[in-house]
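Residue numbers (the numbering used here): 1228 to 1525.
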Ligand code: SF4
Ligand code: SF4
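Pasting the structure below:
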């Protein structure tokens, strides 16, 4: 994009945090103005629309009008999670959608709110501009919480991270013998509960904060693990690593259980449906003895 870049800020339903970050980009420390970017106050003066917040009933028509008035090349950037998924405003009765369901959106910058540097970098990338490599400019403070990193050796796919996620940002999906743990940056508020609660310290929030994408579907990070088949019915039902982890933990906590290692393992290799079919101990013993050779072969 050549020539002057003029940004018009549009906010419909949000907390205003992302809008404040856009304005912060204009202070000397963040140098958005050095890239030849200005913030203007009417859409007629602008060629870039920076949207923060989800869109409510009243905002829908205003957004369409603002987009119509934009000058070419009509670049639209969704800034922050509410502008990507509606986030915490999702269930609000007047909400009609994230902006990309109403007008075309070119770029998405995840965050709650995105860091000013992430916005500046995103704009620079959209403009094809180069930014200074100054440590004090780009450095993140101690304890900064950015993008996630999975340790695929440690992650057992238990889904505990998804259960504690404050923003419902982690999906646990299963397909063809695999389980996928997917962090969606359209929802993540970077609270780090997932990191704190992971039993194997497999998920960490790094200092990486660059979140620009032109494809909403790529705003995520995913880890995959193998699932284990039920020893009785053959249905995939639990991550293989989780079986090992649980066994190890039981035996570490209660050393006497080591004597029952094989029985414990056999019981754990039955899915919930098959376990429910065991009506009493006698049936359980019968089933386990039938299964033993099969289980040994797994
Ligand atoms: S990251 Fe941790 S909590 Fe999440 S699925 Fe993997 S092991 Fe479980
Ligand atoms: S940091 Fe983890 S727990 Fe917090 S919102 Fe993001 S995915 Fe959820």
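Beta carbons: idealized from backbone N, C-alpha and C, even for Gly.
| said: Going residue by residue through the segment 1410–1437, where are the continuous beta strand (DSSP E) segments of at least 3 residues, counting only ones entirely within it? | reply: 1430–1432
| task | Please confirm whether any heavy atom of ligand 2 lies closer than 8 Å to the CB of residue 1372. | result | yes
| In three-state DSSP terms, what is residue 1408? | In the structure shown, residue 1408 falls within a strand segment according to DSSP collapsed to helix, strand and coil.
| field | N- and C-terminal bounds of the alpha helix (DSSP H) containing residue 1495 | value | Element bounds for residue 1495: 1488–1495.
| query | From what residue to what residue does the beta strand (DSSP E) around residue 1453 run? | reply | 1447–1456
| task | Tell me whether the beta-carbon of residue 1340 lies closer than 9 Å to the beta-carbon of residue 1244. | result | yes
| Check: residue 1315 C-beta below 8 Å from any heavy atom of ligand 2 | no
| field | DSSP beta-bridge partners of residue 1376 | value | In the DSSP assignment, residue 1376 forms a beta bridge with 1431.
| message | Excluding the 5 residues flanking residue 1437 on each side, which residues of the same chain have their C-beta closer than 6 Å to its C-beta? | response | 1345 and 1348
| message | With three or more beta-carbon pairs closer than 8 Å as the criterion, would you say the segment 1356–1369 touches the segment 1456–1463? | response | no
| field | Nearest-angstrom Cβ-Cβ length linking residue 1408 and residue 1384, presumed shorter than 8 Å | value | Sure, about 6 Å apart at Cβ, within 8 Å.
| query | First and last residue of the beta strand (DSSP E) that includes residue 1398? | reply | Here the beta strand (DSSP E) through residue 1398 covers 1397–1402.
| said: ligand 1 and residue 1455: does any heavy atom of the ligand fall closer than 8 Å to the residue's C-beta? | reply: Between ligand 1 and the CB of residue 1455, the shortest heavy atom gap is not smaller than 8 Å.
| message | Here's the rule: buried if 16 or more other CB atoms are within 10 angstroms of the residue's CB, otherwise exposed. What is residue 1417? | response | Burial of residue 1417 is indicated by the presence of at least 16 other C-beta atoms within 10 angstroms of its C-beta.
| field | Selected residue, minimal CA-CA separation from residue 1216, among 1428, 1327, 1353 and 1337 | value | Because the chain here runs from 1228 to 1525, residue 1216 falls outside it and cannot be looked at.
| Element boundaries [alpha helix (DSSP H), containing residue 1477] | 1467–1480
| Backbone CA spacing between residue 1252 and residue 1404 [nearest angstrom] | 46 Å
| said: Please tell me whether, using a cut-off of 8 Å, the distance from the CB of residue 1536 to the nearest non-hydrogen atom of ligand 1 is below it. | reply: Residue 1536 is absent from the structure shown; the chain starts at 1228 and stops at 1525.
| request: Can you tell me which of the three DSSP states residue 1367 falls into? | output: coil
| task | Starting from residue 1232, trace the beta strand (DSSP E) both ways and give me its first and last residue. | result | 1232–1238
| field | CB contact flag (residue 1310, residue 1439, <9 Å) | value | no
| message | With a threshold of 8 Å (Cβ to nearest heavy atom), would residue 1396 be considered close to ligand 2? | response | Yes, since a heavy atom of ligand 2 falls inside the 8 Å radius drawn around the Cβ of residue 1396.
| request: Compare the C-alpha of residue 1433 against each of 1368, 1234 and 1426 and name the closest. | output: Residue nearest to residue 1433 within the set 1368, 1234 and 1426 is 1368 (criterion: CA-CA distance).
| request: Could you tell me the boundaries of the alpha helix (DSSP H) in which residue 1347 lies? | output: Element bounds for residue 1347: 1343–1354.
| Helix, strand or coil: how does DSSP classify residue 1302 here? | Here residue 1302 sits in strand by DSSP.
| task | Buried or exposed for residue 1337, please, with buried defined as at least 16 other CB atoms from any protein chain shown within 10 angstroms of its CB. | result | buried
| If you compare alpha carbons, which of 1248, 1286, 1263 and 1257 is closest to residue 1237? | 1286
| When the Cα of residue 1472 is compared with those of 1411, 1380 and 1396, which residue comes out closest? | Ranking the options by Cα distance to residue 1472, first place goes to 1380.
| said: Does the structure place the segment 1260–1277 close enough to the segment 1292–1302 that three or more beta carbon pairs sit under 8 Å? | reply: Flag = yes, the segment 1292–1302 and the segment 1260–1277 touch.
| Per-residue burial, residue 1241 [other beta carbons within 10 Å of its own, 16 or more giving buried] | buried
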